[in-house]
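**Student:** Note that UniProt numbering has the sequence shown beginning at 1, numbered continuously upward.
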Amino acid sequence: MSDVVLETKDLVKHFKGEIRAVDGVDLQLRRGETLGVVGESGCGKSTLAKLLVGLEKPTSGAVAVRGQDMTRLKGGELRRARRNIQMVLQDPYTSLNPRMTVGDIVGEPFEIHSEVVPKGKRQQAVQDLLDTVGLNPDHINRYPHQFSGGQRQRIGIARALALKPEIIVCDEPVSALDVSIQAQVINLLERLQDDFGLSYIFIAHDLSVVRHISDRVAVMYLGKIVEQGHDVAIYDQPTHPYTQALLSAVPVPDPRLRGHRKQIVLEGDVPSPANPPSGCRFRTRCWKAQHVCSEQEPLLQIRERSPHPSACHFAEINNPLRGR
Ligand SMILES: Nc1ncnc2c1ncn2[C@@H]1O[C@H](COP(=O)(O)OP(=O)(O)O)[C@@H](O)[C@H]1O
Ligand SMILES: [Mg+2]
1 MSDVVLETKD LVKHFKGEIR AVDGVDLQLR RGETLGVVGE SGCGKSTLAK LLVGLEKPTS
61 GAVAVRGQDM TRLKGGELRR ARRNIQMVLQ DPYTSLNPRM TVGDIVGEPF EIHSEVVPKG
121 KRQQAVQDLL DTVGLNPDHI NRYPHQFSGG QRQRIGIARA LALKPEIIVC DEPVSALDVS
181 IQAQVINLLE RLQDDFGLSY IFIAHDLSVV RHISDRVAVM YLGKIVEQGH DVAIYDQPTH
241 PYTQALLSAV PVPDPRLRGH RKQIVLEGDV PSPANPPSGC RFRTRCWKAQ HVCSEQEPLL
301 QIRERSPHPS ACHFAEINNP LRGR
């Protein structure tokens, strides 16, 4: 049996017919693995996350969970398949309903999927979930504002665990938190992964956040994956200029290495997905761009100078933190 738990094929989401938020994404997630997805704000990461968990309908393409195409399922089959893939949202300040108690928030999935836990056992199940994520089970009747930011994100994680999914899509789960709290939440996610054999899609706008948790990393730019590989490949041997630019912005804690880094400053913002540049979408901000880049779209593939898939005509290993 294949150990691929989640797979997309040429996944596309266009809003209002023209905004190409996600524009042909192929990815695979294996059992127990974490795939980091990284890119600047506006690159389509949250839209991809919503497509994966079924909160948005794709314009075209497929999302398969354990080989079942979610876009073709209906009714009870779809509900059962959806149980298996849950989401943790970015902002614990706005994603939790302030008028619901923690017990009601974490237990809400049991109301929607009433077959999972019988009514009489739900309160205990919620308390067990709170305990699992390191919250006090006695606080079940408190409201979100009575918790700190990190604790609120734990509430969101408990809720995502309620239906015992195999896959959790984490959409910038620590971006809104203080740096000191970020590590605690990431450690919790790693422990839960070990305990429950979870597979994660872990989204961030910053390569330093995904480094610690990811087995593989996909770099996203304007609706497409531009480079993909094992974490070592992406962090030590990046071949796409966009990845190199993101990497150059990562803080370097070791002052001895800091001197060697070549700063690459990304000019301007991500272009509008309603009117992406022809050919390579990154070319308008790329220091290596040549005529061919506006004419021919570079496909995501292994190249002469890129041992892992890279969507650049001039892909070549260049680690801005080390020099060539
Ligand atoms: N519901 C929507 N309607 C129209 N445009 C949208 C909608 N959701 C997202 N977009 C647009 O799609 C692009 C990608 O957004 P998003 O997926 O949120 O990116 P990210 O999470 O990487 O910041 C942005 O240009 C955004 O404005
Ligand atoms: Mg987002």
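All residues carry an ideal CB built from backbone N, CA and C; glycine is no exception.
(1) How many Å lie between R305 and R152 at the Cα?
(2) Find the nearest neighbour of L266 within the set N318, T243, V252, judged by alpha-carbon distance.
(3) Determine whether the beta carbon atoms of L277 and R283 lie at a separation below 7 Å.
(4) Rounded to the nearest angstrom, how far is the Cβ of G156 from that of L96, given a contact under 8 Å?
(5) With a Cβ-Cβ cutoff of 7 Å, do V53 and V169 count as a contact?
(6) Among L35, K16, K9, D10, whose alpha-carbon lies nearest the alpha-carbon of residue 342?
(7) How do the segment 28-45 and the segment 70-80 stand: do at least 3 beta-carbon pairs fall below 8 Å, yes or no?
(8) For the beta strand (DSSP E) containing Q28, list its first residue and its last residue.
(9) On a Cα-Cα basis, can you pick out the residue from L129, Q263, V117, D10 that is closest to G61?
(10) If distances are taken between C-alpha atoms only, which option among Q146, L130, P271 comes closest to A162?
(11) Find out if the Cβ-Cβ distance for the pair V22, L48 is shorter than 7 Å.
(12) Can you check which of these residues, Q237, R142, M220, Y235, is closest to G44 by C-alpha distance?
(13) What did DSSP end up calling K50 once you bin it into helix, strand or coil?
(14) Taking the alpha helix (DSSP H) that E172 belongs to, which residues open and close that run?
(15) In three-state terms, what does DSSP make of K13?
(16) Is there at least one non-hydrogen atom of ligand 2 closer than 6 Å to the beta-carbon of K45?
(17) At what residue ranges does the segment 128-171 contain a whole run of the alpha helix (DSSP H), taking only runs of 4 or more?
(18) Verify the contact flag: F202, CB atom, against every heavy atom of ligand 1, threshold strictly below 6 Å.
(19) Could you check whether the Cβ of L277 sits closer than 6 Å to any heavy atom belonging to ligand 1?
(20) Would the beta-carbon of G42 be found less than 6 Å away from any heavy atom of ligand 1?
(21) Whole angstroms are fine: how far does the CA of R216 sit from the CA of A176?
(22) According to DSSP, is I225 part of a helix, a strand, or is it coil?
(23) By the three-class DSSP mapping on this structure, what secondary structure does E77 have?
(24) Starting from F196, follow its DSSP beta bridges and name the residues at the other end.
(25) Looking at Q237 and I302, is the spacing between their C-beta atoms short of 7 Å?
**Tutor:** In terms of the structure at hand:
(1) As a working note, residue 305 is residue 305 in the sequence shown. As a working note, residue 152 is residue 152 in the sequence shown. Whole-angstrom Cα-Cα distance: 45 Å.
(2) Locating residue 266 in the sequence shown gives position 266, where the first residue counts as 1. Taking only the C-alpha atoms, the option nearest L266 is T243.
(3) In the sequence shown, the residue the question calls residue 277 occupies position 277. In the sequence shown, the residue the question calls residue 283 occupies position 283. Reading off the sequence shown, one finds Pro at residue 277, where the question assumed Leu. Taking 7 Å as the Cβ cut-off, P277 and R283 qualify as a contacting pair.
(4) Working through the sequence shown from its first residue, we reach residue 156 at position 156. Working through the sequence shown from its first residue, we reach residue 96 at position 96. Right, their Cβ atoms sit about 7 Å apart.
(5) As a first step, residue 53 must be located in the sequence shown, where it is residue number 53. As a first step, residue 169 must be located in the sequence shown, where it is residue number 169. Yes, the pair counts as a contact, with Cβ atoms nearer than the cut-off.
(6) Residue numbering for the chain in the displayed model covers 1 to 324; residue 342 lies beyond these limits and cannot be assessed.
(7) no
(8) As a first step, residue 28 must be located in the sequence shown, where it is residue number 28. From DSSP, the beta strand (DSSP E) with Q28 extends over 19-30.
(9) Within the sequence shown, residue 61 is the residue found at index 61, counting from 1. Considering only alpha carbons, the answer is D10.
(10) Along the sequence shown, one-based indexing puts residue 162 at 162. Ranking the options by Cα distance to A162, first place goes to L130.
(11) Numbered from 1 along the sequence shown, position 22 holds the residue referred to as residue 22. Numbered from 1 along the sequence shown, position 48 holds the residue referred to as residue 48. Yes; because the gap between Cβ atoms is below 7 Å, this pair is in contact.
(12) Here residue 44 is taken as the residue at index 44 of the sequence shown, counted from 1. Among Q237, R142, M220, Y235, the Cα nearest to that of G44 belongs to M220.
(13) Locating residue 50 in the sequence shown gives position 50, counting from the first residue. It is helical.
(14) Sequence index remark: in the sequence shown, residue 172 carries index 172 (1-based). Taken as a continuous stretch (DSSP letters only), E172 belongs to no alpha helix (DSSP H), as it is neither H nor E.
(15) Translated into the one-based positions of the sequence shown, residue 13 becomes position 13. Reduced to three states, the DSSP call for K13 is strand.
(16) By 1-based counting over the sequence shown, the position of residue 45 is 45. Yes, since a heavy atom of ligand 2 falls inside the 6 Å radius drawn around the Cβ of K45.
(17) DSSP runs (the alpha helix (DSSP H)) wholly in the segment 128-171: 149-161.
(18) Here residue 202 corresponds to residue number 202 of the sequence shown, with the count starting at 1. Outside the cutoff, so no.
(19) Sequence index remark: in the sequence shown, residue 277 carries index 277 (1-based). Residue identity check: residue 277 is Pro in the sequence provided, not Leu. Not under cutoff, so the answer is no.
(20) Taking the sequence shown and counting its residues from 1, one reaches residue 42 at position 42. Flag set: Cβ of G42 near ligand 1.
(21) Within the sequence shown, the letter at position 176 stands for residue 176. Within the sequence shown, the letter at position 216 stands for residue 216. CA-to-CA, the gap between A176 and R216 works out to about 23 Å.
(22) Start at 1 with the first residue of the sequence shown, and residue 225 comes out as number 225. Strand.
(23) Mapped onto the sequence shown, residue 77 falls at position 77. Three-state result, E77: helix.
(24) Taking the sequence shown and counting its residues from 1, one reaches residue 196 at position 196. In DSSP, F196 forms no bridge with anything.
(25) Within the sequence shown, the letter at position 302 stands for residue 302. Within the sequence shown, the letter at position 237 stands for residue 237. The answer is no: Cβ separation not under 7 Å.
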